[in-house]
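Numbering (this note's numbering), first residue to last: 153 to 892.
Here it is in C-alpha cells:
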C-alpha cells in the first residue's frame, strides 16, 4: 500500500448513494478550494450564508456552505459551530477537510481543534493517493496517529463504467484500525477479508505497511495440489531490511512429503543490483538410469539461483549468475522450473562507440537423463575483443577481432582456441539503384586439444595436439529493390545475388565445439560463413541467389523470401548429409510473414528438397485474435534424414497450441498443450509413438483493477525419476496493496 494521502473525489451524479456506515462510495461534495489569500497564523478566515454570534457563550455559528481556513487547513460544511472558549470547532453536514498538502477527508459530523488538525469524525471516508479507500463509522486523530472504529478498506473501484456504485471485488473489514504516519504502518484488528461481498478469511490481526517502500509482513499464499507432493501451501513472509535490501522467506508445507524452505534476498546498490534465491528440503529421490543403485534415498535436496549486474562506470560492467541444483529432478519435482540445463556465468565487459571487450566464463549443469555431466563443458576464460575503424581509402568499415576460448571437461575432450581476424565491409549504391556490398575477411586460428577419443561423434573430435589454420574469404552481394504501386498499396520486389569464395581450408583437423547444430534456413543462406560459431568455416566458391518480396496495404503487410545456393566446384563438402547444403545445389529455403492489423500474425519458414520438393523443414507460428482473446499455434517438423551419430541434428516433429478467451469483462478461460509427433522412423532413439502429449494446461482467471484470481489444471505426461507424470492444480489469488 502506498503512503496514505487523502485525495479529492469527483462528485458522483444520479447513481450516488447516501453515506452510510463503512460506506466506501464517493461523497456528493467537493473539497474546499484554495482561498488565494494568505491568512496570518493567528487568524481564521471563514465565509457562510449566515453567521450568528452568542456573546454570553462566546460561540459563533455559521450556516450555508461554510468555508473555514487556518494555517493552510481548509474546511467545507453545511454548518459550523465554533466555541471560542474551548477552541472546539464542530462541523456538520457533508463535511470535507483539506490539509496544506491537498489531502481531503470526508464525514457527516466532525469535531476539530481550533487549528483544524486533530479531532474526531463520524462516518469517515479517507481516499488514498493510489485510489484505495478507508471508511469508518467514526475516527479520530491525535498527533500522527489515526484511530478508526468499525472500518472497511478496499483498493478496488467502487463505481462501474457508468459511474454507478458497485460492490468492490474485495475488501477488508475490521473492528478497529490504527494508522501511524510516522511508522508508515496500518494495523487492522478483528479483520475479515471478503471476496465479491462474501467473507472468506478471518484474520484476528493484519498489519500492513503504508509507505511506498513496503514493510515486513505476510504475503499472499500459493496453494496447489500435485500427484507427488500432495496438497501444498506456500506462505511467504517479507522482511524490509533497509530501503535497498529485502528478504522473503517462504515455508512450503506438503501433505505427502516433508516441508521445504525457500528464500530470496535482493539488494540494490549504487552500481547495480543482485539477488539470491534458493530452496532446501529433505526428501527421497528415485534414481535415474545413470545411477546404478536404483534405490530411493532420503537426503538434503535443493537449488540456488543467484544473479547480479554492476555498472562500474559508463563503459565497464560486470555480471554473473549461479544456477545449480542438487540433482536432476529437483526442479521438476517441486515445480520450480522445467529447464534441462542450468548455466552459471561470469562476464566482465567494456563497451564504447567503436570497441567491445569481454572476459567471460561459464559452466553448465546438465539435468538431462542419459547425458553425462563429465561430458558437459566448462569454458574459462572466454575472451573477445573487437574494434571498428573507418577505412580512410575507400570509405568502408574495418572490424578487428581477437578471440580466445578454453573448454574443459572432467570426463571428456579439452579444447583451447585463439584467433585474430579482420573484416572489411563497404556498401555502395549504383546509378540504377542497386545496393552492392563488398566483404573481405582474413583470420588466423590456433587450436590445441587432447582426450579426443572421449568424444563419441568422430567429425567433432579433430586431431590431438596443436593445429593451425588460415582463412581468407571474399564476397560481393547485390540487391536491386524494385518498388511500385500494386493492389492499392506498395509493392517491393528485390532480386538478390551473392558471389562468395574461400580457398580450401583444413577443417577436419580442427575440433568442432561451437558449429554443430547447423540447419540451412533463410537467416544464414547469404551469410559469409553459414556455420554457427567459429570452429567450422565453409570453403570453396559459391553463388547464392534469391528474391525478397514485400507488399504493404492498409492494415495488411506481406513479406516473403526464397533462395538457393550453388557450389561452383564438385569437391566434397564439410556439411553433414541431410543439412540441405551438402551437394552442389542446396535445398530451397524461405520465409513468409503475413500480418493483418493487430489481429492475425502468421510466419512460415521452410526448406524444400531440391530434387523432389519434399518439405525438409516446416515451421509455422500463428497468432490470431486480440490481447484479450487469442489463439497461438505452432508446428515444427525437421525431416533431415541425417546419418546416426549427429545428436545435435536429430529429426523432430511437434505441435503447440495455446489461447485465451475473454468470456466477460473480467473473466477469462485459458489453455495450452504440447504434443510430440516424432516417431521412430524420424528419430531411432525416440520412444515416442508419433502422438505423445508432453504437457497440457487449462484454467480460468479473474482480473480487475485490484484483484487477480485463478485456478489452473496441468497434466504432465512424462516421468523423470521422482518427477512423475500426473495432474496438478494451482490456485492463485493476488490482492492489490495487500500482502506486500
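Built from N, CA and C at the ideal position, the CB exists for glycine as well.
Residue closest to residue 420, alpha-carbon to alpha-carbon, out of 496, 453, 394 and 286
For residue 420, the closest C-alpha among the options 496, 453, 394 and 286 is that of 394.
Thinking C-alpha only, which one of 536, 540, 495 and 538 is nearest residue 519?
495
Ranges of the beta strand (DSSP E) found wholly within the segment 333-369, counting only runs of at least 3:
337-347 and 350-361
Grouping DSSP H, G and I as helix and E and B as strand, with all else coil, what is residue 886?
strand
Tell me the rounded alpha-carbon separation between residue 323 and residue 685.
57 Å
Would you kindly work out how many angstroms separate the C-alpha atoms of residue 197 and residue 227, rounded to a whole number?
10 Å
Assuming residue 650 and residue 699 are in contact, meaning their beta carbons sit under 8 Å apart, how far apart are those beta carbons, in whole angstroms?
Contact doesn't hold; Cβ gap of about 13 Å is too wide.
What's the C-alpha gap between residue 658 and residue 731?
21 Å
Give the DSSP-derived three-state secondary structure of residue 403 in the structure shown.
strand
Mind checking which residues open and close the beta strand (DSSP E) that includes residue 852?
844-855
To the nearest angstrom, how far is the alpha carbon of residue 579 from that of residue 386?
60 Å
When we look at the beta-carbon of residue 766 and count the other beta-carbons within 10 Å, is it buried (16 or more) or exposed?
exposed
Per DSSP, which residues does residue 372 bridge with? Please list them.
Paired residue(s): none; residue 372 is not in a bridge.
Here's a check: name, in chain order, each residue in its chain whose Cβ is nearer than 6 Å to the Cβ of residue 776, leaving out the five neighbours to either side.
752 and 783
Take residue 577 and list the residues in its own chain whose beta-carbon comes closer than 6 Å to its own, dropping the five residues that flank it on each side.
548, 549 and 591
Near residue 542, what residues of its chain come up, given a Cβ to Cβ distance below 7 Å and the 5 sequence neighbours on each side ignored?
Excluding sequence neighbours, residue 542 sits near 549.
Within 10 angstroms of its Cβ, does residue 319 collect 16 or more other Cβ (buried), or is it exposed?
exposed
What first and last residue would you give for the beta strand (DSSP E) that runs through residue 554?
549-560
Do residue 565 and residue 601 have their C-beta atoms closer together than 8 Å?
yes
In chain order, which beta strand (DSSP E) runs of at least 3 residues are fully inside the segment 605-644?
617-631 and 634-638
In angstroms with no decimal places, state the Cα-to-Cα distance between residue 567 and residue 510.
20 Å
Three-state secondary structure (DSSP) at residue 504?
coil
The beta strand (DSSP E) with residue 264 in it runs from where to where?
256-264
Residue 467: which of 299, 501, 339 and 235 sits nearest, CA to CA?
501
Which same chain residues, not among the five before or five after residue 735, have their C-beta less than 6 Å away from its C-beta?
none
Reducing DSSP to helix, strand and coil, say where residue 427 ends up.
In this structure, residue 427 counts as strand in the three-state DSSP scheme.
Compute the distance between the beta-carbons of residue 461 and residue 874, then report whether it is under 8 Å.
no
Are at least three pairs of beta-carbons, each pair with one atom in the segment 626-639 and one in the segment 720-731, less than 8 Å apart?
no
Per DSSP, which one or two residues make a beta bridge with residue 299?
In DSSP, residue 299 forms a bridge with 292 and 330.
For the candidate residues 178, 354 and 229, whose alpha-carbon lies nearest to that of residue 316?
Out of 178, 354 and 229, 178 has the C-alpha closest to the C-alpha of residue 316.
Neighbourhood of residue 603 by C-beta, 7 Å cutoff - its chain only, sequence neighbours within 5 removed:
Same-chain partners within the cutoff: 564, 565 and 566.
Local conformation of residue 482 per DSSP, three classes
In the structure shown, residue 482 sits in a helix (DSSP, three-state: H, G or I).
Secondary structure of residue 278, DSSP reduced to three states:
Reduced to three states, the DSSP call for residue 278 is strand.
Count the other CB atoms within 10 Å of the CB of residue 707; is the residue buried (16 or more) or exposed (fewer)?
exposed
Give me the Cα-Cα distance between residue 515 and residue 523, rounded to the nearest whole angstrom.
Straight-line Cα distance between these residues: approximately 15 Å.
Beta-carbon gap between residue 230 and residue 241 smaller than 8 Å
No, the Cβ-Cβ distance between residue 230 and residue 241 is not below 8 Å.
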